[in-house]
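To start, the structure under review is shown below, and the notes come after it.
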Amino acid sequence: MIDAATLKSRKMLEEIMKYEASILTHDSSIRYLQEIYNSNNQKIVNLKEKVAQLEAQCQEPCKDTVQIHDITGKDCQDIANKGAKQSGLYFIKPLKANQQFLVYCEIDGSGNGWTVFQKRLDG
Numbered sequence: 010m011i012d013a014a015t016l017k018s019r020k021m022l023e024e025i026m027k028y029e030a031s032i033l034t035h036d037s038s039i040r041y042l043q044e045i046y047n048s049n050n051q052k053i054v055n056l057k058e059k060v061a062q063l064e065a066q067c068q069e070p071c072k073d074t075v076q077i078h079d080i081t082g083k084d085c086q087d088i089a090n091k092g093a094k095q096s097g098l099y100f101i102k103p104l105k106a107n108q109q110f111l112v113y114c115e116i117d118g119s120g121n122g123w124t125v126f127q128k129r130l131d132g
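Numbering-wise (my numbering), the sequence shown opens with residue 10 and increments by one.
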């Protein structure tokens, strides 16, 4: 009878030790998941702040920062010949054109002016 009681208490002690090990493992997992949760919450806070900043920016009208140069000519070489030294946007009016139009002129260090054309397929 004492052997049966000893055996029973030994089994109970083994089960208690298994449960204790399981609790420690789960406690470690819970701490790890809590860290991930806290990190994700901080990322959410940061993203909400960024969204608020971007929404505030979108309330202001966009400002056009592109400079259109004053010199005009029949083509970019003509504009370069008239003293333009900087590449950028210029109005040109070719000889047979009805009206002037805006182009990008590439002006190199040697004073050569190149008209840049771009064919767009999307409008």
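We put the CB at the ideal spot given by N, CA and C, even for glycine.
Does the distance from the C-beta atom of threonine 81 to that of glutamine 51 stay below 8 Å? no
Coil, strand or helix - aspartate 131 by DSSP: coil
With a threshold of 8 Å, are at least 3 pairs of Cβ atoms found where one atom belongs to the segment 111-128 and the other to the segment 83-91? yes
Among Glu29, Val112, Ser96 and Gln95, whose alpha-carbon lies nearest the alpha-carbon of lysine 102? Val112
For lysine 93, does the count of other Cβ atoms within 10 angstroms reach 16, so buried, or fall short, so exposed? In the sequence as displayed, the identity of residue 93 is alanine instead of lysine. Per the 10 Å Cβ criterion, buried.
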